[in-house]
Every structure is written in C-alpha cells, then in structure tokens.
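Numbering (my numbering), first residue to last: 21 to 1183.
By construction, the Cβ of each residue, glycine as well, lies at the ideal position given by its N, Cα and C atoms.
Everything numeric in this text was worked out from a predicted model, so none of it was measured.
For reference, the structure discussed in these notes is given below.
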Amino acid sequence: MFGLEGNGNFISVMYAHLRRSGWNWVTVIVLMFWSHINPITAQITKALHDQLYLVNYTPDQGLSEASVNTFLVDHQGIMWIGTDGGLNRFNGYEFTPFIKSSDTSSISNNSVMALTEDGQGTLWAGTWNGLNAFDPVTQTFQRYTHPNGSGNYAALHYDSARNYLWGGTRNLGMVVFDITQRKFLETPEYRSQNEYVEDLIPITQDSLLVATRSHGLMALHLPSGRTGYLTEKDGLLSNAVSSLAFHGDWLLVGTQVGAQLWNLKSGERTVYNRPEQGIPKNYVVCATADSQGNFWLGTDGGGVVVITPTTGTAQNYQRGPLGQNTLQSNVVRDLYFDGDENLWIGTYKQGFGIHRRSFRRISHVIIPESLKTQDAENFSVSAFHLASDGWLYIGTDGSGLLRWDGVEFERISLQPSGVSSYSESILSITEDSQGYLYFGTYGGGLIRRSPAGEVYRYTDAAGQGFADAIIWNFAWQDTTRLWMATFGGLVCLDLETQAIHSYLQDTNPYTSGINILYDVEVMPTGEVWAVSSAGYFVLDPEKEEITQWVSQQHPEIPLPLDFLVSMHRDRDGLLWLGSFGEGIYITGQRQKAWHFQDLTRRVGNKFVYFINEDGRGVVWLGTNWGVAGVDKYSGDITWLNAQNGLAHGVFNLGASLVVQDSILIAGGVNGIHFINTYQAREGMEAPRILLESARLDEELIPLKREHLTEPINIEVPYGPQTLSLNYAALDFGDASNIRYEVWLKGDGPALHQHGSQRQVSYMNLDPGTYTLEVKASYQNSLEFPPQQLVTIHVVPPLYMTNGFRIAIVLLLVICIWGFIRLRTRTLHQHRKRLRSAVQEQTKLLNQQQQEIKEQNDELIVQNEELISLNEELQTQREVMSVQQNELERAHANLLKINDQLELMVSDRTEQLKRTIDELNKTISELDRFVYSASHDLGAPLKSLLGLIHIARIECKDSGLEQHLDFMESSVLKLEEVIKSLIHYSRNSRLEVVPEPVSLVQLVDSEYDSLRYLPGHQSVEMRNEIPKGSIVISDLGRLRMILRNLLSNAIKYADLDKPNPYVHVRFARQEYTWSLEIEDNGQGIPATHERLVFDMFVRANEKADGSGLGLYIARESAQKLGGELSLSSEEGAGTLTKLVVPTSESAPPLPIQLATSSLAGATD
C-alpha cells in the first residue's frame, strides 16, 4: 500500500514519490480504512459527559502497586494489569499478583510495560528487564533475553502471519522473537540507530507504525524488514513521538509537545498543544480510539483529553469534585478499551479506574445562543421529529424551528407568505406519507411545510378560532386523517379534502376545561382518545359519539381525572396516562370494560411530561424528578437523574422521541438530552464464569486444566465433609451488579440457589457423579444461559461399592441354600408321619362309604318319583306334537303357493324370451334389408353417375353443365350415405376377428386411398407411429375407424392456414393402447362438440357428409371393447383419440367426450 515492495533504494524512492504526489505518506498507508459515519448517529452516540465517572482500584483493593503501565484482556476474559510493582491478574473481584523473586520461574522484572497474547493463548509480558512467557498451568514464567542485552520493553505486537513477536524497546530499538523456535532473530537493518521506541500500532497485516523518541515516525514492512521515516521536515509536529492511535480515516500522533490529528482522506492536519484547545499538558503519554472514532489521550499532568475528529473539538477530564469516583491522578500512563467498551485508565501512583460504558448512556447538547430569538427567555426545546429527509427537526418554545444534521444547527423559517407575524413556539411536529411536515404552534395554529420548503398556514375554515389555536400533539388515523389535541378541543384534518372538523365539548357543567386538550391517541378500533385538564374522553368518529370521563361523574375510577397531560399507547395495546402532579396510570380493556392500574405508589406523585417506549418494551417517563424507565414485564423501575448525567431542569410536554430503538431524545429548558436506554448491550456475550478454587473442608483441591474456563473434574471421597466451590463471572465493567444461579445436578433432584455470593458449599454428598452449572445475570434482567463449570465424582466407601454388594449377595445365596437343605430333611420326616395318618383316614373313608350306600337307597326312591313326573311331561310332549303337525300343514300350503309363483315367473320369462327373439329377428331382417338396399341402390347410382359423365362430354352448354354438377354432387352424397349404411350393417352383423395389425402400414394405406379428396395434397401427413408397432385387433373395423377419421381431417382442413397438417400418434399402456389423430383444421363449435357421435349429426353448416361417419366409428370402437373421444376448438383444430384394451378379456372402456383447447370438424 505504501510502497515497501520492490528493489532499489526504498527510502529515497518512496519519499520522493510521496512528495511529488502531494500526499503525506502516512495518509497513503491508512487511506484504505476510511469510512463514512452518519452525522446524527455519530453525534448521538459520541457525545460525552462533562465529567468522567470512574470506579477506582488502588493497592487498598489488592493491586500490587499504584503506578499502572499497561492493560490486556486475554482470550479467556481475564484482565492483566502491568504495574511498577509486578503483574496482576484481575477477575473483577480480586487481584492475583505475580512478583519478581529469587526463583528464576518468576517474572524477570516488576516494571511490566507491555503485554500481548499470541495465537496459542500464551501471555507475553515485556518488562524493564526482558521478555517473559506465562505458563497458566504451572503459574510460572519463562524468561527470554536478547543477545544484545535484556531489553527495556515499551510495546509488543503479535504477528500472526509469521508467528513472531515484534518488540519496541528503549535501548535495543525494534527486536523480533520467533515464537515457534523460541529465539530472537538477528535484524540489524532496523536496529542500526538503536531507536528509543515509545509505541507501535499495526496498520495492515504486514505493516507497523513505530513511534520513536528522536527520529519521528518509522514505517516498518514486516515481511522484508524495510523501514521508512517521517520527521519534522515532512510536517510532523515533533520527532519525539510518544504515542499513536488510528481509527477510520484519522491518525492521532502524540508527541512530547502536543498531539497532531491527521485526516488521511483530505490531508488536513490539526495540532492540539494549547490549553484553550482542551489539552492543558502537551506531553501525550498514551492514546487510543473508541469504537465511535473518538481519540482518548493520556497526558503527563493534564489528565485525559478526548478529541472528536468530526467536530474538531477536544474535551479535557481531570481530577474533579466527584472524590473517589473521579480521575485520581492527572498523570495518565495507559488508556485501554475492553471488549465491552469499558475504558480502563492507568495512572501514576494512583492505581487505575474503570469508566463503564453504561456511564456514557446520557449526553447533553446545548443549542448555540446565536440561534435564540430576542424575545426568548431561554432555549427551551419542546418538540422533535426525525424526518424522511434525514434531518432532526427541533421545535423550540419561542425560538422557532431548527434542524440538525448531527453537527450544525440551522434555523428554518415557518413564516407563511404574506403574513407579517407568526408564532415562534413549536409544540408538536409530524410528517405525512408525502414528506409534508406539520407543525403545531402556540397561538399560531397549524402550519404545513412542503419538501420544497413552501409554508402554508391553515385558516379558520372550521371556525372556532383554529387559525390561532394552541396545538399540543398529533395522532394519525391511517394516512389520511390527522388528529390534533388543542386548547380549543379535538380537531381532525382530512388530507384528502383538506377539510377541518372540530369537536368541542364545553356544554356539560361537569366538564369545565374539557376542551383544553394536551394529548391524543388513535386506537386500533378507530376510537380517538384525548386527555385534558378535566379528565379524558373517547370519540367514535364514525358515529360521532363522545364518552366523557371526569372525576365528578366517575368516582369509582382510581384515576385523577382532574389534570391529565400525557398519553401513550404501547406495543401491547396498553394505554399509559400521565398526570400533572398525580403520577402515572395504565389502562387495559378486558371484555369491553376498561380497567385501571395505579403506578403512582411506585413512581410517585410526579409531573409526567412525556411517555415513550424503547425497543425492549420499556416505557420511559419524563418527570420533574428525572427520567423513569418502567419494565412492563419484570416490574423493575430505573431512575435517571443528575447523578447519571441528566442536566437539572424541567422537561416540556410531549418533547420526546425514540430513535434506533434505544436512544431516547428528551427536550426541556436545558436543551436536548440523548439517553441510551439499553443498560446492557444487545448481542453481548455472556461473561465467562471462572471456577477459581475448590476446597474439601479446609484443604485446597488442585484444579487440573489447560484453560481457566474449561470444565474440570474433581474427585472427592464420601464422608461427613463440606465441599466448597468459588467462582466468578469475568465482567470487569459491572461485576458488582451480577447475580448468580447455581444448580448441582446428580441422580436426584437438582440443588438450586441464587444470589450475589460467589461460593457454594455442599455437605455430605451421596456417592455419584454431579455437575455444577452456574448462570450469571445482571440486575437489569439481562440473562445468559448457564455454564457447566465442574464435574464432581464422589467416591463411595467400601461398604457402598458394587463388589461389597456382590459379596453380600453371595453370602445370602449360601445361607438360603443351607436353609433349603435343612428344610428338605425336615419334610422327609414329616412325610413318614403323614403315611400313618393316611391309613387311619382310609378306615374312616370306608365307614363313610357305607353311609353313602344308605343314602343311595334313598335316592332310588326319589328317582321313582321323578319317573312319575316324566310321564306327565310325555303327555305334554304329545300335545306339542299335534301342534307341530298343524304347523307342517301350513308349511306345505306355503310351498304350494311358492310353486305357483315360480310357474307364473317361468311363463313371464318365456314371453320375454319370445319377444327378444322377435326383436332380434326384426333387427336381423332390417340389417339384411339395409345391406340389400344399399347394394341394390349402388348399381343404379353408378349407372347414373356414368350417364352424367357422358352427358357432360356430349353437351357443351354451360347452363346444363352446372345442373350436371349439382346432380353429380347429389348422387355422390347419396352414394356416401349408402356406403355408410353398408359400413354400419357390416359392423353390427360381423363378429370381431382379432388378428395382428401393422398400424404404420394401415395408416399409410388408408391415407393414400383418400388422395382423391380435395385438399389431400395440401395437407401435411405425419405418421409418428413407431415402426414395428403391432396390435391384435379387428383389421376391418380399424380400417373403417381410420378411414372416417382421416377423411374428416382432410375434408375439413383449413387450407387458408400456412401449414395445414394431420398428425397420427400411437402409445401403448399396461392394459390398453391408444391412437391419436390431430389436425389444425376448421374445428367444431362448442355447441356441437357433444353431439358429433350421434347419428345424422353434422358439426356445422359447411359439413357436407352423411352425419354417420363418427357414429359408425364410435360403434366400431365399442365393438372392439374400446372408446373413441375427441376434443376440439373452433378455428384451432381437433384431437381424436381411440383407446382399445390389449386383452380380449378386458372390460369395454366407457365412452367419454373429452374437452380441451383443440377442436376440428367432422362429417
């Protein structure tokens, strides 16, 4: 980029080229990083406090030494702090110092000046006496000394492309360390002058800028090691360069005599070295840039200076009145922004401070006094609107309309043409879909400004003094109706007709002041809600019905309806009502009834000037006590006031606007406030949670791990003991605001606890495996998923092991076996005793058998009695037999009647059979008659045709010739009818004779036989049937079908078309085969399409056939068991399709008439 490639004298060639081109060489280096920043967004996000608010740390909190030189957050999120008294590791709660000792594994020197981390996560520390690599496992250091001396390091840079460390020293110049080989490289070409290096920054992957104490800026090309210099001769402020910072198209060069800011796009240079420029001390010790492009400079005695390149302004922060929460020393050694945009400030002898990003969420902008009108007492801001043209329009109370592009304010005149006086108090601003801006004024009515700048003031067309109205707020209904809350009631402007409608309610004795309206909202139902100094009312515009709500009429409502001044409908449909000294209320509709919730107890009896909502759904209230953020979902309320950077003063009614979902713009008597409503950053990564230590009772358990935050395993014995675990979330900017939830998960229910403590203890854990999960969350409800920190294995004692349990089971088995053996022996003896007992029982049974015999005799007597009863039953059975005979006779009669019925059915069947035979005979005779008549008529017709031909030859009279043509045409038509009758007769008489048929030959022969037809030569015939296509069918009937279809296609071809055609296609399916004939002829009208298969039907008046062709073709297809269908469109053509089963046993296909876009004519 800046000419380090190539051969030859690099320094002279590069320098001469840059001087000739008129570009500063550093400009060329960084030009490719330029980008544009939106001015308004930049101003909102870059504006700073008048005073830095810091959380400070000194040796009283555990820091090893009070002079802080450098900072670094490693890849695990741990902050490392280099001091004059050793290296410190900081987790947000405690410091762990690493101090030089007699042990060679300690750090080489306590003055730690530079820190960096390589691609493998190794921490490198440059001290006043060498280079050190930190081993996180052993917590020790490996020292590396350059061959030319120990090296006093001021800066380090890790070169990932080559895995090198580039070090800037104050006694050896630039040195290079090969991390792979763990040795220094010999690089004399850029150490020849033993540069005193103060700072270095990367410009590209292969280029560094190096700040030297005596030779200005050095450009270093890493692959080749070549260098170039920029000195005072080239426009550098001083050759004693002490610090560097780079962002976008700006380069900040800090020297011992001030700072120089270069715009690398325009080449403009600005020097900051005077107190009136915001830099009280010229020695710039360190410099860095934030993500918004502001340059932060640490000076030797002048505190911190912040330069905003886009405006050229500089702001100085020094030790101030905030005591322990301000800058503790004006001698600043290092400035560092961590990944969360927290600013770390290292000082001389006063430790370091953290300026959290959340502290910078409020900024205050004062409008220049030069824009104030003479009549205005102060510069009170009363309305905002971010317009579609990109400007922020600002309404003031007495100083007219301003607009702001983020840098400069501009006054916009709203004086209508021909009007000498108009209101300079702008209370409300809105915009329609066409880009027209509408302004509600105090006493000047409604003013409209077009995108071209034309101003129009609405007159008293609606009466009621609207031209001089006080308009506090607007609300849109759709895009065509603009509602206005005025001091003269509710007003609606119809944009389509430009008509103005006024709704005034002042006739009710209870509604004094109801027409003095402050805010208006349009509900999704179309209702218009408005609040006033005497309650509020609801208007139904369609019905023009108004429902009034005032305290005197509705004492049951817990709402002070006496003085409502602000209103807002949130994204959940809730309506927020703010009062003047009576707090805030929420309304919600349930089952067509409105319910009110009183938040006054929590917010207080404040004056609520405005209500607005950010992208998270937090509702922000502008009050006389500050700004309150109400989280609807958690119920949390956040107050912002002067302690958070809010300027003292009062807000104006409705003077608020939310942009970018998170920036609340609020206006009042002290100018404009920009409030970043997000207390936590969207998309912020969860703070890593570190398991710091584990103890079993009082004994420390070694933690074996490669990285601090990786899950580890702990094994502890079972017993009456306490396991204690300490952890910490690595969030240095807001660690005290973190709350923890801890789960210990095992085989049973999870143990859970939460709070701000960073230690958990568990007593007498049962044997098993447990996992400890910790979730960190902020008090502002920003939560993150839980992280698994440790797996705990509780080793059971011997008596709780599986081996011990198996031994117990075996012992039990042996005992059971012995018991069974003993039991078997006892049972054997018991069996002998039972045998003797059985004998005695046998005797007893014999006695019982005798008793049974006697009982049997008694049963015989009882049996005789049963026989007597049986005889009675027999008598009854005979009676039933007689009844059975009667039933049989009835059944016989039924059989006789049935026989008679069968005889009658047989007679009727015989009659039907004779009738059918007679019909068949008649049909047969009719067929023979038709056939005979056709043949008998054929011969005379042929003779007649011959006579006509002879007459035409012998007679030359033209009149007679025409009569002969008519006669011939009539005879031919009669002959065609006779042929059709013959075909019909043959089709009905002859049986189907299947035989192999070559479809290709059959189609060609039939088409050739029709060459006598007019138009045959003009029609293109395309036989698309594959060669060798053979079907089994009746040849005669197939020929009859094809002849009729092909002749129709030729007869009714449209010869006026450029390419009349007839296409024949064949397809074979699993159970059928099909034949399609398509033409582009005259087609068939839609009214005749379903009738063409009927007898003696012609498709149109031009058809000269017999009307039997398609009828005979369909009858022939049915004889083959198939179907014939067609689809046609008049003027487009006809598609006829024949589908025939491949097997004689297949059922006949149903006849259907298809309908499609094609059509054609038939005979």
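- Contact annotation, glycine 642 with alanine 686: C-beta distance approximately 6 Å; criterion of less than 8 Å satisfied.
- The segment 1011-1094 contains, as complete alpha helix (DSSP H) runs of 4+ residues, the segments 1019-1028, 1055-1071 (chain order).
- Nearest C-alpha to aspartate 498 among Asp254, Cys512, Ile490, Leu185: Cys512.
- Straight-line measurement puts the Cα of methionine 820 at about 59 Å from the Cα of serine 682.
- DSSP, reduced to helix, strand and coil, places tyrosine 819 within a helical segment of the structure shown.
- Rounded to the nearest angstrom, the gap between the Cα atoms of alanine 472 and glycine 465 is 21 Å.
- For the pair leucine 271 and tryptophan 316, the CB atoms are not nearer than the 8 Å cut-off.
- When DSSP states are grouped into helix, strand and coil, serine 390 belongs to the helix group.
- DSSP places glutamate 1135 outside any beta strand (DSSP E); the residue lies instead in the alpha helix (DSSP H), whose first and last residues are 1129-1139.
- With a cutoff of 8 Å on beta-carbon distance, methionine 1060 and alanine 1133 are scored as near each other.
- For cysteine 306, the secondary structure class from DSSP, reduced to helix, strand or coil, is strand.
- Sequence-distant Cβ neighbours of leucine 1158 in its own chain, meaning closer than 7 Å and more than five residues away, are Ile1061, Ser1094, Leu1095, Ala1137, Gly1142, Leu1144.
- Look at alanine 1152 here: in three-state DSSP terms it is coil, with no helix or strand label.
- Inter-residue distance for leucine 939 and lysine 933 is about 10 Å (C-alpha atoms, whole angstroms).
- Distance check between lysine 253 and each of His267, Pro243, Ser262, Leu237 places Leu237 closest, using alpha-carbon atoms only.
- The straight-line gap separating the alpha-carbon atoms of glutamine 773 and glutamate 793 is approximately 11 Å.
- The beta carbon of glutamate 1040 lies closer than 8 Å to those of Asn1079, Pro1080, Tyr1081, Val1082 in the same chain, with the five residues before and after it left out.
- Its Cα nearest to that of isoleucine 432, the residue Ile467 stands out among Ile467, Thr811, Leu107, Gln454.
- Distance from the CA of leucine 559 to the CA of alanine 550, rounded to the nearest whole angstrom, comes to 8 Å.
- Close CB contacts of isoleucine 299 within its chain, under the 8 Å cut and outside five residues either way in sequence, are with Gly278, Ala279, Tyr292, Asn293, Leu317, Thr319, Gly322, Val325, Ala334, Asn336 (chain order).
- Setting aside the 5 residues that flank it on each side, methionine 133 is surrounded in the same chain by Asn89, Thr90, Gly102, Gly146, Thr147, Trp148, Tyr173, Ala174, each with a C-beta closer than 7 Å to its C-beta; the list follows chain order.
- Sixteen is the threshold: when 16 or more other Cβ atoms of the shown chains lie within 10 Å of the Cβ of glutamate 85, as they do, the residue is buried.
- In this structure, DSSP gives threonine 846 a helical state, which the three-state scheme calls helix.
- Rounded to the nearest whole angstrom, the CA to CA distance from aspartate 514 to phenylalanine 429 is 33 Å.
- Taking C-beta atoms as the reference points, leucine 229 and leucine 192 fail to come closer than 8 Å.
- Going by DSSP, isoleucine 467 is part of the beta strand (DSSP E) stretching over 466-469.
- In the DSSP assignment, glutamate 761 falls within the beta strand (DSSP E) that extends over 758-765.
- Here proline 737 has Val815 as same chain residues with Cβ atoms under 7 Å from its own Cβ, once five neighbours each way along the sequence are excluded.
- For valine 585 against aspartate 539, the beta-carbon gap comes to about 7 Å, under 8 Å, which counts as contact.
- Contact between the segment 647-662 and the segment 351-371 is absent: fewer than 3 CB-CB pairs across the two stretches fall below 8 Å.
- DSSP places cysteine 975 outside both helix and strand once states are collapsed to three, so it counts as coil.
- Here the alpha carbons of threonine 742 and phenylalanine 694 stand approximately 52 Å from one another.
- For the options Ser1053, Glu1026, Lys1047, Pro1034, the alpha carbon positioned closest to that of leucine 1066 is the one of Glu1026.
- Contact between leucine 135 and tryptophan 100 is confirmed by a C-beta separation of about 6 Å, below the 8 Å threshold.
- Per DSSP, isoleucine 721 lies in no beta strand (DSSP E) and is assigned neither H nor E.
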